[in-house]
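Q: Protein chains in written order, with my numbering: chain A, 1159 to 1372; chain B, 16 to 501. By construction, the Cβ of each residue, glycine as well, lies at the ideal position given by its N, Cα and C atoms. Computed from a prediction, not measured in an experiment: that's the story for all the values here.
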C-alpha cells in the first residue's frame, strides 16, 4: 500500500490523528499536495460515501472520516496552487420565517461542515431578506432553507423570488428541504434543488456550488 | 434487567398443575402402542389393556420430573454450539412441516418441490437471527412415505444449522437417525452433541398414537431431544377456557415426559406445544389469536416451573399473504414469546395457520427476531452515570453524532435492521426504487441465496446420506431421487 492509499484507508476508518500524521509524512516525502487531496483524501471520502449509501457504515462513521479530511485539509490547503482555492464553498442555512423546527437544519449543518463547506447557520425563524442579505454579504453561493410546517413553506417562495428580483440567481443557488416538502414543491417555487435528507442535501449543495461559481 | 412477562400467578399455576396430575391419575392417557403400555406398567402405571389406557400416578410423574434435564444444548453440523435451551434464553426456528409454499411470482400458495426445500434450507443458513433450521417444507415431488426423511436429507445437505424435525412413521425414525449419525460420525457423538430436535405430538384429548409415542421412546433411547407438541383446541377438543385448556395441555405434555423419562431417564425434552383456540365461526385454529398466544406463554410458565426448557408454535400468522395481518400476528407473537422466555420459538416464515412457508416472510421475520433479541437485552446503563459530562458535551458540540460515547455504544444500543425494513424518508425510498415490502424481501431472498453454499458436511457423510436416502426412496418405489436444483 503506497502513502496515498494509506491516507485513504485511514480516512475510511475515521482515524483523524493517523490521517494528519500520514499527510504530514507524505508532504515531507515530497508528494504533490494536489495528489494528496485527490488520490488520498477525496479517494477515501468517495469510498466512505459509497459505503454510507449501501448502509454498510453510518452517519457517525461518515462524520469521523470528514473530520479526518478536514484536519488534513488544514495542512494541505495553504500549499495548494492558488493558495487554497480548493475551498468547497460557503452556504447560508436556517429555518424559514415562522418555523422553529430546526433538527433537520442542524443535521444538514453538521453534514455540510463535515463535508468541508463553510457554513453560516442563521438559526431558526429567518426572514427571506436576512437569508439573501447574509448570502450577499458573506459571498455565499448557496442558501439552504428548511421548513417543517406547511404554513411556513410559502415563505420559502418569497426568498427564492427575492434572489431572482435582485438578479442574484446566477451567483446564489437555493436549496430547500424539510419533512412536508417534495421535489415538485421545490420546482414549483423555483428553487434550484431539493434535499430529501441531510446526505442528499450535501450532494446537491456540492453540485450547486459548482454551478454557481461557473 | 431482562424484561419478562407472566400470565399466571403462582397460586393459579400450582392449581393447574395439580388438576393436570389429577387427570393423569384418574383418567390416564390413551396409548396405542402395546410396548409402551407394558413399559409404563412396569414403572407403576395402572394399565387397562382393553381401553389402551394408562393411569399415571403422582410418583411416576415426580420420578420423571426428577430426571428430566432443566436445560440442554444443540449443535450444528460442524459441532459448534447453536442452541442453549434453558433459563430465559430465546431462539427462533422456522415454523415446521408446511405443505405449501407461497410462490413469489404468482402470489399463490402451491405444492412445494425439492427446489423449495433447498432454497429454504440455504436461506435459513444465511439468516443471522434464525438459530436452527426446521424441516419446514414437505416436498410434494417424493412419495409421502419418505417425505419426512427426505426433508431432513435436504436440510442436512444444504444448511449447517441444527434441525427441528419429526418422523411421520415409526420406520422413518430409523432412517432419519441414520442420517444424523452419518453427519455426526457415531451414535455416541450424536448423543453427546445433538444435531436435531424431534417434534412428537400427542393427540388431544389425552391420547398418544403408536407412531408418536414410539417416536418419543426411540428418541429418548438415542438421547435425541424431543419437543412435545400438545395441541388442545379451546372450545372444541379442550375446555373453552384458557385455564381448562392449560390443564389439558399440562396433562398431555406431562404424559409425554413420563413416557420419555421411563424409556431413558435424563433424555432431553422441550416442554412445547401448538395449542390454539378454536374459531367457531370459521372452524379454524387461529395461531394469530391473542388467546392462543396467551395459552402458549402460560404453558411456558408451567413448563419452566416444572423444570424444563420450553418451545411453542408462535410468532406466525393465519394470513394468506405477506400483509398487515401477517406482520401484526407474527410480531405480536414474537414479542410475547420473547418476553415470556420461550426457549425455542417455532414460527418464522409461516403463514396460513401452520400450512404455508414463505421465503420472503422468513426474511421479514428474521428482522423481527433481531429486534426481539435487542428488546430482551433490556435497558442497561452504559457509561451513563454521571450524566453531566455527556450533556456538557452535547451543549458544547450541538450534537453527539461523533462523540466517543456514541461510537462506543451505537451498535450495541441500537439494532440496525436490514434493507427489508423501511426506515428511509419518502423521497429516499422513492429514489431507491420505491419497492414494496414484499419486493424488498424478495430481493434479499435472491441476494442471500446467490451467495449461499451447501452445508459443510464432509463428502463421505454426504455420500452416506445419499445412500441412506436412495435406499429409503427405492423402498418407496422411486427409481431415483429428484434432481437437486435451486
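Thinking just about the alpha-carbon of each residue, which of B:261, B:75, B:304, B:485 is nearest to the one in residue 190 of chain B?
A: Per the Cα distances, B:485.
Q: Considering only C-alpha positions, which residue in the set B:185, B:211, B:184 is nearest to residue 197 of chain B?
A: Answer by Cα proximity: B:211.
Q: Report the rounded CA-to-CA distance for residue 1243 of chain A versus residue 1234 of chain A, giving the unit in angstroms.
A: Note on residue 1243 of chain A: pLDDT 49, under 50, position unreliable in the model; the coordinate value appears next. Distance between the alpha carbons of residue 1243 of chain A and residue 1234 of chain A is about 11 Å.
Q: Less than 8 Å between CB atoms is the rule here; does residue 29 of chain B satisfy it with respect to chain A?
A: With 8 Å as the cut-off, residue 29 of chain B does not count as an interface residue toward chain A.
Q: What are the boundary residues of the beta strand (DSSP E) that includes residue 326 of chain B?
A: 326–328 is the span of the beta strand (DSSP E), which, as asked, contains residue 326 of chain B.
Q: With 9 Å as the limit, tell me which residues of the stretch 231–244 of chain B have their beta carbon closer than that to any beta carbon of chain A; keep them in chain order.
A: Flagged: no residues at all.
Q: Helix, strand or coil, according to DSSP, for residue 1235 of chain A in the structure here?
A: If DSSP states are grouped into helix, strand and coil, residue 1235 of chain A belongs with the helices.
Q: Shorter than 8 Å from the beta carbon of residue 1359 of chain A to some beta carbon of chain B?
A: Answer no: the Cβ-Cβ gap between residue 1359 of chain A and chain B never drops below 8 Å.
Q: Residue 39 of chain B: which of B:21, B:72, B:19 sits nearest, CA to CA?
A: For the residues B:21, B:72, B:19, the minimum Cα distance to residue 39 of chain B belongs to B:72.
Q: For residue 480 of chain B, tell me which candidate among B:262, B:358, B:173 has the shortest Cα-Cα distance.
A: If we check each option's Cα against that of residue 480 of chain B, B:173 comes out closest.
Q: Taking the beta carbon of residue 409 of chain B as the centre, do at least 16 other beta carbons fall within 10 Å, making it buried, or is it exposed?
A: By the neighbour-count rule (16 or more Cβ atoms within 10 Å), residue 409 of chain B is not buried but exposed.
Q: Any idea what DSSP makes of residue 359 of chain B, helix, strand or coil?
A: In this structure, residue 359 of chain B counts as strand in the three-state DSSP scheme.
Q: Look at residue 353 of chain B and residue 390 of chain B and say whether their C-beta atoms are less than 8 Å apart.
A: Yes, they are a contact pair.
Q: Could you confirm whether any beta carbon from chain B is found closer than 8 Å to the beta carbon of residue 1159 of chain A?
A: It does not: the Cβ of residue 1159 of chain A has no partner Cβ on chain B nearer than 8 Å.
Q: For a contact meaning CB atoms closer than 8 Å, what does residue 1218 of chain A contact in chain B?
A: Correct list: 416, 417, 421, 422, 425.
Q: Taking three-plus beta-carbon pairs below 8 Å as touching, is the stretch 102–115 of chain B in contact with the stretch 418–436 of chain B?
A: As far as the Cβ criterion goes, the stretch 102–115 of chain B does not touch the stretch 418–436 of chain B, which means the pair count is below three.
Q: Alpha carbons only, please: which of B:242, B:140, B:225 is nearest the one belonging to residue 181 of chain B?
A: Considering only alpha carbons, the answer is B:242.
Q: In chain B, which residues lie less than 9 Å from residue 1195 of chain A when you measure between Cβ atoms?
A: By Cβ distance, chain B contributes nothing, its closest Cβ being about 22 Å from residue 1195 of chain A, past 9 Å.
Q: Would the beta-carbon of residue 1317 of chain A fall within 8 Å of that of residue 1286 of chain A?
A: Yes; because the gap between Cβ atoms is below 8 Å, this pair is in contact.
Q: Quick one: is residue 247 of chain B buried, meaning 16 or more other Cβ sit within 10 Å of its Cβ, or exposed?
A: Under this definition residue 247 of chain B is a buried residue.
Q: Identify every run of the alpha helix (DSSP H) within the stretch 196–222 of chain B, keeping only runs that are complete inside it and at least 4 residues long; order them along the chain.
A: Entirely contained in the stretch 196–222 of chain B, the alpha helix (DSSP H) runs reaching 4 residues are, in chain order, 202–207.
Q: Do residue 4 of chain B and residue 184 of chain B have their C-beta atoms closer together than 8 Å?
A: Since the first residue of chain B shown is 16 and the last is 501, residue 4 of chain B is not available in this structure.
Q: Could you tell me which of B:29, B:17, B:399, B:18 sits nearest to residue 318 of chain B, measuring between CA atoms?
A: Nearest C-alpha to residue 318 of chain B: B:29.
Q: So what does DSSP say about residue 106 of chain B, is it helix, strand or coil?
A: DSSP places residue 106 of chain B in strand when its eight states are reduced to three.
Q: Where does the unbroken beta strand (DSSP E) through residue 1353 of chain A begin, and where does it stop?
A: Its beta strand (DSSP E) spans residues 1351–1353.
Q: Pick out whichever of A:1290, A:1322, A:1251 has its Cα sitting closest to the Cα of residue 1336 of chain A.
A: When only C-alpha atoms are compared, the closest one is A:1251.
Q: Can you list the residues of chain B that residue 1264 of chain A reaches, using a CB-CB cut of under 8 Å?
A: 413, 414, listed in chain order.
Q: In this structure, how does DSSP classify residue 1243 of chain A when only helix, strand and coil are distinguished?
A: Interpretation of residue 1243 of chain A is limited by its pLDDT of 49, a score under 50 that renders its predicted location unreliable; the figure taken from the coordinates is listed afterwards. Here residue 1243 of chain A sits in coil by DSSP.
Q: Put residue 372 of chain B into one of helix, strand or coil per three-state DSSP.
A: In this structure, residue 372 of chain B counts as strand in the three-state DSSP scheme.
Q: Quick one: does residue 435 of chain B have its CB under 8 Å from some CB of chain A?
A: Residue 435 of chain B does not count as touching chain A.
Q: If the cut-off is 7 Å on Cβ atoms, which residues from the stretch 1252–1285 of chain A count as contacting chain B, listed in chain order?
A: The stretch 1252–1285 of chain A vs chain B, Cβ under 7 Å: 1264, 1268.
Q: Would the beta-carbon of residue 290 of chain B fall within 8 Å of that of residue 264 of chain B?
A: In contact: residue 290 of chain B and residue 264 of chain B (Cβ atoms closer than 8 Å).
Q: Count Cβ pairs between the stretch 1340–1359 of chain A and the stretch 442–456 of chain B that sit closer than 8 Å; are there 3 or more?
A: Output reads yes: the stretch 442–456 of chain B touches the stretch 1340–1359 of chain A.
Q: Let me check one thing: in DSSP terms, what residues is residue 245 of chain B bridge-paired to?
A: B:288, per the DSSP bridge assignment.
Q: Can you tell me which of B:168, B:44, B:321, B:46 puts its alpha carbon nearest to the alpha carbon of residue 25 of chain B?
A: Checking every option, the nearest Cα to that of residue 25 of chain B belongs to B:321.
Q: Are there 16 or more other CB atoms within 10 angstroms of the CB of residue 192 of chain B, so buried, or fewer, so exposed?
A: So residue 192 of chain B ends up on the buried side.
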